[in-house]
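All remarks here apply to the structure that follows.
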Amino acid sequence: MDVEALVKSIIGPLVDDRIYWDTTPQSGPPKDINGAYLPFVIAQLIGGTDQEYIDQSFPDHENVRLQTVSFSPSSLGATDLNRAVRAAILSNYKPAGIIGSAIATYDPRLMLRGRAQHFSLWIKP
Numbered sequence: 000m001d002v003e004a005l006v007k008s009i010i011g012p013l014v015d016d017r018i019y020w021d022t023t024p025q026s027g028p029p030k031d032i033n034g035a036y037l038p039f040v041i042a043q044l045i046g047g048t049d050q051e052y053i054d055q056s057f058p059d060h061e062n063v064r065l066q067t068v069s070f071s072p073s074s075l076g077a078t079d080l081n082r083a084v085r086a087a088i089l090s091n092y093k094p095a096g097i098i099g100s101a102i103a104t105y106d107p108r109l110m111l112r113g114r115a116q117h118f119s120l121w122i123k124p
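Those letters in the sequence shown? Residues 0 to 124, per numbering that gives the first Met the number 0, in order.
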């Protein structure tokens, strides 16, 4: 399965498909009619734990470490969005696990608060 499509199908509905891989679009994230940025999520693949059998063959699943960063104009909004992302991943995909607690971040250029969360997913390619 394509991890990008999987993640978009799980998280996309939470943010009206404002989920981006690695960075925001060059034009920037979308704004509402008042000019405020709409909440969005950036997803990145940041490694994983490769496995191989003793005969050097590979299992039928691959591990990926997924980072999501939930951005919102407010700190509370970023926390709430991160919690929704976490719940959506854990309830809609098995096996998935959380790696650590959320990490607060701030984008000074966009003046947005963010919460980064890491997940471990086992994907069948």
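We treat Cβ as the ideally placed atom computed from N, Cα and C, and that holds for glycine.
- Scanning its chain for C-beta atoms nearer than 6 Å, with the 5 sequence neighbours on each side dropped, one finds around Thr-67 the residues Val-40, Ala-42, Val-84 and Gln-116, in chain order.
- Using a Cβ distance threshold of 8 Å, Lys-123 and His-60 count as a contacting pair.
- For Gln-43, DSSP records a beta bridge to Gln-66.
- Straight across, the Cα-Cα distance linking Ser-100 with Ile-10 is about 18 Å.
- Of the candidates Pro-72, Ala-77 and Asn-62, the residue whose Cα lies closest to the Cα of Asn-33 is Pro-72.
- Note on geometry: alpha-carbon atoms of Leu-109 and Val-14 lie some 18 Å from one another.
- Excluding residues up to 5 positions away in sequence, Leu-5, Ile-9 and Leu-120 lie with their Cβ nearer than 8 Å to the Cβ of Tyr-92 in the same chain.
- Under the three-state reduction of DSSP output, Ile-88 falls in the helix class.
- Apart from sequence neighbours up to five positions away, the residues of its chain that approach Asp-79 with a beta-carbon distance below 8 Å are Ser-71, ordered along the chain.
- A Cβ-Cβ contact shorter than 8 Å links Arg-112 with Ala-77.
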